[in-house]
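To start, the structure under review is shown below, and the notes come after it.
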Amino acid sequence: MFGFNSFEPYFCASEIFEKKTIMGLIKSSIARKVAMALSGLFLVFFLGQHFVINISSVIDPDTFNSWSHFMGTNGLVQFVLQPVLIFGVVFHFVMGFILELQNRKARAINYKSFKGNLSASWASRNMLISGVVVLAFLGLHFYDFWVPEIVHKYIETHPEDPTRYFPELVHKFESPVRVGLYALSFVLLIFHLWHGFASAFQSVGFNNKYSVGLTKFAKFYAVLIPIGFVFIALYHHFNQIPH
Amino acid sequence: MKLTLKIWRQKNAQTKGNMQTYPIDGIEGDMSFLEMLDVLNTQLIDKGEEPVVFDHDCREGICGTCSLQINGEPHGPDRLITTCQLHMRKFNDGDTIVIEPFRAKAFPVIKDLMVDRSSFERIQQAGGYISVNTSGNTIDANAIPIEKEHADESFNAAACIGCGACVAACKNASAMLFTAAKVSQFALLPQGQVEASRRVLNMVEQMDKEGFGNCTNTGACEIECPKGISLENIARMNREYLSASLKG
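Going line by line, the protein sequences match chains A and B.
Okay, so the first sequence: first residue is 13 according to the numbering used here, each after it adds one.
Okay, so the second sequence: first residue is -5 according to the numbering used here, each after it adds one.
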């Protein structure tokens, strides 16, 4: 079939190996997986930054007021980073749902007996459940904090008061129901991050001798940050400022 | 040993299947799982009933033909073995054993427990090879020095027998571990470098076309793989894919 000393196999192969375009990359399952990982890592980084600001409310209210004032009034944060963050959240959830639908279609008939728990953790098998709870919490969080903040600044256009942030935060944690929902959501966030954070490195192709250490750090972070948020909520709930 | 077997029966790809129950007696612990099914089929034939159709060939764990989801796990309740290597001593007298075909849209049932895994072959055909002129001047592969670690890792990836347990075990029916093993076995060797980019792009594209699900890194595939193919191969394939895509 192939001539002596010829490169015919390569010419034949070139018909099969078509040149791939950027559209091919967008449609590919690996590209989507990497996009999920990168948006997830971005949200994990944001969560850490959010935690650092919030924990300052427990340590020193003035620092919390000053950092919150900066975040709330800085043009770069408000008009560049905030839209990027909202896009990151929406993208991560929309892509998560699209991938889940594709995955369900990939097994049209379910097993009568399937022992998924013997080979994979609950957290890794139920990212949709933990993700939906976190999404519901984000809806509440936007309604509770973000919407009033936007109304205060851009609709009612109140004069800026750099000392208002701490009392407003403490007041939000007055209701035990709100604190309970807040704590429940963060427990589910632990499960989501427990699998998601470490798994993001595998998705972007990072699996080497440093992976064990990185996974330990990711799992430590997955527990520490949400528990820290719950602690902040409980701390302010039990240390209400007298009206 | 007395057992109750609950087996998926399906006439052909077009008809709907269902679980049917078969009591079976006289099973010995030293029998393999497939020998137990042979006993059942002999009994069914003696009674004038249709025997249960299932895939098998070498019966020594190297061909990748036998499949079966046994009590909710591909290749049954043991690690690093195929169904033909599973012995009945793993079960107890009086047990009920649920036997189903590997389930995935890309593995349609042909009959009973036999599924069509030609989607794996099409993934291989999309690039799982190297183009070598074999007309008399082939260079001996051993003439090319290869780092020991790379040779070992490549060999480990090449141990994949393409049985499909990774797809069967994955909650998303993803074929990433299989494709990654077939990409890795060449990506780690100098002979595989010439076609490396085209190989990974085309094999992943074919994998997606076949309708397998997306990998969510649960790791079930690695645990259930009879050859212990590592998740490192998936990370390697992701790197190869990204690098090939960015090169254009």
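Glycine is no exception: its CB is placed at the ideal position from the N, C-alpha and C atoms.
Worksheet item: List, in order along the chain, the chain B residues whose C-beta lies closer than 7 Å to that of phenylalanine 126(A)?
Response: Locating residue 126(A) in the first sequence gives position 114, counting from the first residue. Within chain B, Gly66 have C-beta atoms less than 7 Å from the C-beta of phenylalanine 126(A), given in sequence order.
Item to complete: Determine whether the Cβ of phenylalanine 218(A) lies closer than 9 Å to any Cβ atom of chain B.
Response: The residue labelled residue 218(A) in the question sits at position 206 within the first sequence. So, interface residue.
Worksheet item: For phenylalanine 178(A) versus serine 69(A), is the C-beta spacing smaller than 9 Å?
Response: As a first step, residue 178(A) is located in the first sequence; it is residue number 166 there, counting from the start. As a first step, residue 69(A) is located in the first sequence; it is residue number 57 there, counting from the start. Yes.
Worksheet item: Assuming glycine 208(A) contacts glycine 52(A) under a Cβ cut-off of 8 Å, what Cβ separation, rounded to an integer in Å, is found between them?
Response: For the purposes of this step, residue 208(A) is identified with residue 196 of the first sequence, where counting begins at 1. For the purposes of this step, residue 52(A) is identified with residue 40 of the first sequence, where counting begins at 1. Right, their Cβ atoms sit about 5 Å apart.
Worksheet item: So is histidine 104(A) in contact with chain B if we call contact Cβ pairs under 9 Å?
Response: Position 92 of the first sequence holds residue 104(A). Histidine 104(A) does not count as touching chain B.
Worksheet entry | Exposed unless 16 or more other CB atoms sit within 10 angstroms - verdict on tryptophan 134(A) | The sequence position of residue 134(A) within the first sequence is 122, counting from 1. The residue is exposed, with fewer than 16 neighbouring Cβ atoms inside 10 Å.
Item to complete: Return the residue from the list Leu240(B), Ser125(B), Lys0(B), Asn166(B) that minimises the CA-CA distance to alanine 118(A).
Response: For the purposes of this step, residue 118(A) is taken as the residue at position 106 of the first sequence. Closest by alpha carbon: Asn166(B).
Discussion item. Using CA atoms only, rank isn't needed, just tell me which of Leu38(B), Thr77(B), Asp72(B) is closest to cysteine 52(B).
Written reply: By one-based count along the second sequence, residue 52(B) stands at place 58. It is Thr77(B) whose Cα lies nearest to the Cα of cysteine 52(B).
Discussion item. Under 8 Å, CB to CB, which of the residues in the segment 93 to 107 of chain B have a partner in chain A?
Written reply: Cβ contacts with chain A come from Glu94, Arg97, Ala98, Lys99, Ala100.
Worksheet item: Got a sec: which bits of the segment 5 to 33 of chain B sit with their beta carbon under 8 Å from any beta carbon on chain E, in order along the chain?
Response: No chain E is part of this structure, whose protein chains are labelled A and B.
Worksheet item: According to the neighbour-count rule (16 or more other Cβ atoms, all chains shown, within 10 Å of its Cβ), is glycine 66(B) buried or exposed?
Response: One-based indexing of the second sequence puts residue 66(B) at position 72. Around the beta carbon of glycine 66(B), 16 or more other beta carbons sit within 10 angstroms, so the residue counts as buried.
Discussion item. Check whether chain B comes within 9 Å of asparagine 86(A), counting only Cβ atoms and requiring the distance to be less than that.
Written reply: Here the question's residue 86(A) lines up with position 74 in the first sequence. Contact of asparagine 86(A) with chain B is not assigned, every C-beta pair being separated by 9 Å or more.
Worksheet item: Among the residues of its own chain, which have a CB less than 8 Å from the CB of leucine 107(B), if the five just before and after it don't count?
Response: If you number the second sequence from 1, residue 107(B) lands on position 113. Taken in chain order, the residues that qualify are Ile1, Trp2, Val46, Val47, Phe48, Asp49, Ser61, Leu62, Ile93, Glu94, Pro95.
Discussion item. Taking the straight line between their C-alpha atoms, what separation do you get for glutamine 185(B) and isoleucine 56(B)?
Written reply: Your numbering for residue 185(B) matches position 191 in the second sequence. Your numbering for residue 56(B) matches position 62 in the second sequence. So the alpha carbons of these two residues sit roughly 25 Å apart.
Worksheet item: So valine 92(B) is in the alpha helix (DSSP H); what residue range does that whole segment cover?
Response: The sequence position of residue 92(B) within the second sequence is 98, counting from 1. Unbroken run through valine 92(B) is the beta strand (DSSP E), 90 to 94; no alpha helix (DSSP H).
Worksheet item: Any Cβ of chain A within less than 9 Å of the Cβ of leucine 253(B)?
Response: Outside the displayed span of chain B (-5 to 242) sits residue 253(B), for which this structure offers no information.
Item to complete: Tell me where the beta strand (DSSP E) around tryptophan 79(A) begins and ends.
Response: Reading the first sequence from its first residue, position 67 is the one you call residue 79(A). Counting along the chain, tryptophan 79(A) falls outside any beta strand (DSSP E), though it belongs to the alpha helix (DSSP H) covering 73 to 85.
Item to complete: Could you tell me whether any Cβ in chain B is nearer than 9 Å to the Cβ of lysine 184(A)?
Response: As a working mapping, residue 184(A) is identified with position 172 in the first sequence. When Cβ-Cβ separations below 9 Å define contact, lysine 184(A) makes no contact with chain B.
Fill in: Per-residue DSSP class, three states only, for phenylalanine 137(A)
Start at 1 with the first residue of the first sequence, and residue 137(A) comes out as number 125. It is worth fixing the name first, because residue 137(A) is arginine in this sequence and not phenylalanine. Helix.
Discussion item. Does the contact criterion of 3 or more C-beta pairs under 8 Å hold for the segment 194 to 206 of chain B versus the segment 103 to 122 of chain B?
Written reply: With the cut-off at 8 Å, the segment 194 to 206 of chain B and the segment 103 to 122 of chain B touch.
Item to complete: Starting from serine 176(A), find everything on chain B with Cβ-Cβ shorter than 8 Å and list it in chain order.
Response: Residue numbering aside, residue 176(A) sits at position 164 when the first sequence is read from its first letter. Note that residue 176(A) corresponds to arginine in the displayed sequence, not to serine. Within chain B, no residue has its beta carbon less than 8 Å from that of arginine 176(A); the closest one is some 43 Å off.
Discussion item. Tell me the DSSP secondary structure of proline 7(A) in three-state form.
Written reply: As shown, chain A starts at 13 and ends at 255. That puts residue 7(A) outside it, with no answer to give.
Discussion item. Let's see if you can read the secondary structure: which residues bound the beta strand (DSSP E) around arginine 309(B)?
Written reply: There is simply no residue 309(B) to check, as chain B begins at -5 and stops at 242 in what is shown.
Worksheet item: Going along chain A, which residues have a C-beta under 7 Å from glycine 205(B)?
Response: Locating residue 205(B) in the second sequence gives position 211, counting from the first residue. Ordered by position in chain A, the residues that pass the 7 Å Cβ test against glycine 205(B) are Ala118.
Worksheet item: Looking only at its own chain, which residues have a Cβ that is under 6 Å from the Cβ of proline 68(B), when we skip the five neighbours before and after it?
Response: The residue given as residue 68(B) occupies position 74 in the second sequence. Here the set comprises Ala159, Ala162, Ala163, Glu218.
Fill in: Rounded C-alpha distance that separates isoleucine 39(B) from serine 112(B)
Position 45 of the second sequence, counted from the first residue, corresponds to residue 39(B). Position 118 of the second sequence, counted from the first residue, corresponds to residue 112(B). Straight-line Cα distance between these residues: approximately 29 Å.
Worksheet item: If we ignore side chains and look at the alpha-carbon of each, how far apart do proline 188(A) and leucine 150(A) end up?
Response: Start at 1 with the first residue of the first sequence, and residue 188(A) comes out as number 176. Start at 1 with the first residue of the first sequence, and residue 150(A) comes out as number 138. Rounded to whole angstroms, proline 188(A) and leucine 150(A) show a C-alpha spacing of 18 Å.
Item to complete: Consider the Cβ of asparagine 115(A): report whether some Cβ of chain B lies at a distance smaller than 9 Å.
Response: Looking up residue 115(A) in the first sequence gives position 103. Residue contact with chain B for asparagine 115(A): present (Cβ-Cβ distance below 9 Å to some residue of chain B).
Discussion item. By the 8 Å beta-carbon criterion, what residues does the segment 135 to 169 of chain B contribute toward chain A?
Written reply: Cβ contacts with chain A come from Ala163, Lys165, Asn166, Ala167, Ser168.
Worksheet entry | Neighbour list for isoleucine 217(B) in chain A, Cβ cutoff strictly below 7 Å | Taking the second sequence and counting its residues from 1, the one referred to as residue 217(B) is at position 223. Below the 7 Å Cβ cutoff, chain A contributes Ser131 as neighbours of isoleucine 217(B), in chain order.
Discussion item. Less than 8 Å between C-beta atoms, sequence neighbours within five positions excluded: which residues of the same chain meet that for isoleucine 104(B)?
Written reply: Here residue 104(B) refers to the residue found at position 110 of the second sequence. Cβ neighbours of isoleucine 104(B) within its own chain (closer than 8 Å, five residues either side excluded): Asn6, Ala7, Val47, Asp110.
Discussion item. So, at 6 Å on beta carbons, what are the nonlocal neighbours of asparagine 12(B) in its own chain, with the 5 sequence-adjacent residues on each side left out?
Written reply: Here residue 12(B) refers to the residue found at position 18 of the second sequence. Once the five neighbours on either side are set aside, asparagine 12(B) has no close Cβ partner at all.
Discussion item. When you compare the segment 78 to 90 of chain B with the segment 23 to 34 of chain B, are there three or more beta-carbon pairs, one atom per stretch, that lie closer than 8 Å?
Written reply: Segments in contact, yes.
Discussion item. Quick check on the burial criterion: 16 or more other C-beta atoms within 10 angstroms. Buried or exposed for proline 17(B)?
Written reply: On the second sequence, residue 17(B) is found 23 positions in, with the first residue counted as 1. Within a 10 Å sphere around the beta-carbon of proline 17(B) sit fewer than 16 other beta-carbons, which makes this residue exposed.
Discussion item. I'd like the span of the beta strand (DSSP E) that includes glutamine 14(B), first residue to last.
Written reply: Here residue 14(B) refers to the residue found at position 20 of the second sequence. Membership of glutamine 14(B) in the beta strand (DSSP E) is indicated by the continuous run 12 to 18.
Worksheet entry | CB-CB length for alanine 229(B) against asparagine 219(A), believed under 8 Å | Here residue 229(B) refers to the residue found at position 235 when the second sequence is read from its first residue. Here residue 219(A) refers to the residue found at position 207 when the first sequence is read from its first residue. The Cβ separation is near 3 Å, so the contact holds.
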